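Undergrad: If you scroll down you'll find the structure; I have some questions about it.
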Amino acid sequence: MDITIQHGVFVIFTLVTLGSALLVVTVRNLFHAALYLMLCLFGVAGLFALLTAPLLAGFQVVIYIGAIAILIIFAIMLTPQVTRVIKTTNAQWPVAIVVAVLFFVMILSVVSPLMDELGVDDWNADFTQEDADRVPDSTLTDFGESLVSRDRFVLPFEIASIMLMAALIGAVLVVSPDAILRRDESQPPPSDTSVSADTGASGD
Amino acid sequence: MVPLWMYLVVAAALFSTGLYGVLARRNAIAILMSIELMLNAVNINLVAFWRYQKPGDVSGQVFAAFVFVVAAAEAAVGLALIIAIYRRRQSVIAEDMNLMKW
């Protein structure tokens, strides 16, 4: 295996992804964690581009970084208690470390070519291959056409769009102002006017 | 090219990091961010297997795109639930959300 420039780029994106992912789960300030999450998603987008999937890299930047990370930042700012939280981890964090490391070792034992020495023959032949086939140039048009062609993915596509619509309506309904939720409750609490006044502005 | 197992190891490390975050963090939004990390690890695996096994077939990329859609819906509904709980209980700590616990 000769070292090419692709290996260098891969190592850079890997370090960005894994380093910022570690910071996401350990850093105390939640806002910083969200920013590190954006950096981590950028690293994953770079890995997609390295895998010659530029469309998915664009999706990653637009959907994850542009929409989901911004949504998470909005949620962090709408639930202000960063200064009040002292501990960032619960009581079971040592167990969580052990579980995560064990899970990593388990996947590694599946992936690694050591399976060959354990008696599994010809199982990992494709897992260490260095040169895959070329990606055809028509991948982008195939992608678009397969989403709307009747014998391929039009049904999952429509189901996904309906699910997205349902999630949107459900999210709006869940965070809608208390007027909708408390309509059938018999006695509204009297001290609730100020709360519903300032949440109504953000919920509209 | 970078061999496939390197991508798989990176995805496994990313997934394990997210798993630690889900199990250990107290803030519900941090747990949701860790879930996003795990979904990204899955997506790396999907795209890597597509690239190395069947680059002529576009199904792997379509699968990864559907994972994007599900992740977006999950983030929207999850954050809405967290904000709704915060309005009722003034807390986003996962241990405080014990309304349905007995």
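Residue numbers (the working numbering), protein chains in the order written: chain A, 1 to 204; chain B, 205 to 306.
Yeah, the Cβ is synthetic: ideal placement off N, Cα and C, and Gly gets one too.
Remember, it's a predicted structure, so these values are computed and weren't measured experimentally.
#1: Quick one: what's got a C-beta closer than 8 Å to Ala69 of chain A's C-beta in the same chain, skipping five residues either side?
#2: Do the region 242-256 of chain B and the region 87-105 of chain A make contact, defined as three or more Cβ pairs closer than 8 Å?
#3: Just the Cα atoms here: how many angstroms apart are Gln92 of chain A and Val148 of chain A?
#4: Could you tell me the distance, in whole angstroms, from the CA atom of Asp121 of chain A to the CA atom of Gly170 of chain A?
#5: Checking contacts by CB at 8 Å: is Phe42 of chain A closer than that to chain B?
#6: Closest to Ile233 of chain B by CA distance: which of B:Leu303, B:Ile297, B:Met304 is it?
#7: For the alpha helix (DSSP H) containing Glu278 of chain B, name the first residue and the last one.
#8: May I have the straight-line CA-CA distance separating Trp209 of chain B from Gly260 of chain B, to the nearest angstrom?
#9: Can you tell me which residues form a DSSP beta bridge with Arg229 of chain B?
#10: Interface residues of chain A around Leu303 of chain B at Cβ under 7 Å?
#11: Quick one, are the C-beta atoms of Gly264 of chain B and Phe272 of chain B less than 8 Å apart?
#12: Mind listing the chain B neighbours of Ala156 of chain A? Cutoff is C-beta to C-beta under 7 Å, in chain order.
#13: Can you name, in chain order, every residue of its own chain whose Cβ lies under 7 Å from the Cβ of Val44 of chain A, other than the five neighbours on each side?
#14: Taking the straight line between their C-alpha atoms, what separation do you get for Leu55 of chain A and Lys305 of chain B?
#15: What in chain A is Cβ-close to Arg230 of chain B, meaning under 9 Å?
#16: State yes or no: is the beta carbon of Asp137 of chain A nearer than 8 Å to at least one beta carbon in chain B?
#17: Go ahead and label Leu303 of chain B buried or exposed: buried means 16 or more other beta carbons lie within 10 angstroms of its beta carbon, across all protein chains shown.
#18: Give me the chain B residues within the contact set of Ala49 of chain A, using Cβ-Cβ distance strictly less than 8 Å, ordered along the chain.
#19: Taking just the CA atoms, how far does Val135 of chain A sit from Ala267 of chain B?
#20: What are the start and end residues of the alpha helix (DSSP H) that includes Leu168 of chain A?
#21: With 8 Å set as the bound, which would you pick, yes or no: does the beta-carbon of Met38 of chain A sit closer than that to a beta-carbon of chain B?
#22: Going along the chain, which residues of its own chain have a beta-carbon closer than 7 Å to the beta-carbon of Ala21 of chain A, five neighbours each way excluded?
#23: If you measure from the beta carbon of Ile239 of chain B to each beta carbon in chain A, is any gap under 8 Å?
#24: Which of the residues in the region 255-287 of chain B, read from start to end, lie with their CB under 7 Å from any CB of chain A?
#25: Can you give me the Cβ contacts of Ala57 of chain A inside the same chain, cut-off strictly under 8 Å, excluding the 5 residues immediately before and after it?
#26: Cβ of Ala166 of chain A within 8 Å of Cβ of Ala228 of chain B?
TA: Considering the structure as presented:
#1: Walking along the first sequence from the start, residue 69 of chain A turns up at place 69. Same-chain partners within the cutoff: Ala34, Leu37, Met38, Leu41.
#2: no
#3: As a first step, residue 92 of chain A must be located in the first sequence, where it is residue number 92. As a first step, residue 148 of chain A must be located in the first sequence, where it is residue number 148. Distance between the alpha carbons of Gln92 of chain A and Val148 of chain A: 47 Å.
#4: Along the first sequence, one-based indexing puts residue 121 of chain A at 121. Along the first sequence, one-based indexing puts residue 170 of chain A at 170. With a pLDDT of only 47 at Asp121 of chain A, under the threshold of 50, the placement of this residue in the model should not be trusted; the figure read from the coordinates follows. Approximately 50 Å, taken between the alpha carbons.
#5: Along the first sequence, read from residue 1 onward, the residue named residue 42 of chain A stands at position 42. Not closer than 8 Å to any Cβ of chain B, the Cβ of Phe42 of chain A fails to qualify, so no.
#6: As a working mapping, residue 233 of chain B is identified with position 29 in the second sequence. Of the candidates B:Leu303, B:Ile297, B:Met304, the one whose C-alpha sits nearest the C-alpha of Ile233 of chain B is B:Ile297.
#7: Numbered from its first residue, the second sequence carries residue 278 of chain B at position 74. 263-293 is the span of the alpha helix (DSSP H), which, as asked, contains Glu278 of chain B.
#8: The count along the second sequence starts at 1 and reaches residue 209 of chain B at position 5. The count along the second sequence starts at 1 and reaches residue 260 of chain B at position 56. Looking at the two C-alpha atoms, the distance is approximately 20 Å.
#9: Here the question's residue 229 of chain B lines up with position 25 in the second sequence. DSSP output for Arg229 of chain B lists A:Thr89 as bridge partner(s).
#10: As a first step, residue 303 of chain B must be located in the second sequence, where it is residue number 99. The premise fails here: Leu303 of chain B is roughly 15 Å from chain A at the closest Cβ pair, so nothing lies under 7 Å.
#11: For the purposes of this step, residue 264 of chain B is identified with residue 60 of the second sequence, where counting begins at 1. For the purposes of this step, residue 272 of chain B is identified with residue 68 of the second sequence, where counting begins at 1. No. Outside cutoff.
#12: As a first step, residue 156 of chain A is located in the first sequence; it is residue number 156 there, counting from the start. It should be noted that the sequence gives Pro, not Ala, for residue 156 of chain A. Near Pro156 of chain A (Cβ distances below 7 Å), the residues of chain B are Phe270.
#13: Here residue 44 of chain A corresponds to residue number 44 of the first sequence, with the count starting at 1. These residues qualify, in order along the chain: Thr17, Gln60.
#14: Start at 1 with the first residue of the first sequence, and residue 55 of chain A comes out as number 55. Start at 1 with the first residue of the second sequence, and residue 305 of chain B comes out as number 101. Distance between the alpha carbons of Leu55 of chain A and Lys305 of chain B is about 44 Å.
#15: For this step, residue 230 of chain B is matched to residue 26 along the second sequence. Within chain A, the residues near Arg230 of chain B are Val85, Lys87, Thr88, Thr89, Asn90.
#16: By one-based count along the first sequence, residue 137 of chain A stands at place 137. Chain B contact via Cβ: absent.
#17: Against the second sequence, residue 303 of chain B aligns to sequence position 99. Exposed is the call here.
#18: Counted from its first residue, the first sequence places residue 49 of chain A at position 49. Ordered by position in chain B, no residue passes the 8 Å Cβ test against Ala49 of chain A, which lies about 10 Å from the chain.
#19: Translated into the one-based positions of the second sequence, residue 267 of chain B becomes position 63. Translated into the one-based positions of the first sequence, residue 135 of chain A becomes position 135. Contrary to the premise, residue 267 of chain B reads as Phe rather than Ala in this sequence. Computed Cα separation, rounded: 17 Å.
#20: Position 168 of the first sequence holds residue 168 of chain A. Element bounds for Leu168 of chain A: 154-174.
#21: Residue numbering aside, residue 38 of chain A sits at position 38 when the first sequence is read from its first letter. Taking Cβ atoms only, chain B never reaches closer than 8 Å to Met38 of chain A, which makes this a no.
#22: Here residue 21 of chain A refers to the residue found at position 21 when the first sequence is read from its first residue. Closer than 7 Å at the Cβ level, and outside the excluded window around Ala21 of chain A, lie Cys40.
#23: Within the second sequence, the letter at position 35 stands for residue 239 of chain B. When Cβ-Cβ separations below 8 Å define contact, Ile239 of chain B makes no contact with chain A.
#24: Arg255, Tyr256, Gln257, Pro259, Gly260, Val262, Gln265, Val266, Ala268, Ala269, Phe270, Phe272, Val273, Ala275, Ala276, Ala277, Ala279, Ala280, Val281, Leu283, Ala284, Leu285, Ile286, Ile287
#25: Taking the first residue of the first sequence as position 1, residue 57 of chain A is located at position 57. Ala45, Gly46, Phe48, Ala49, listed in sequence order.
#26: In the first sequence, the residue the question calls residue 166 of chain A occupies position 166. In the second sequence, the residue the question calls residue 228 of chain B occupies position 24. Contact flag unset, no.
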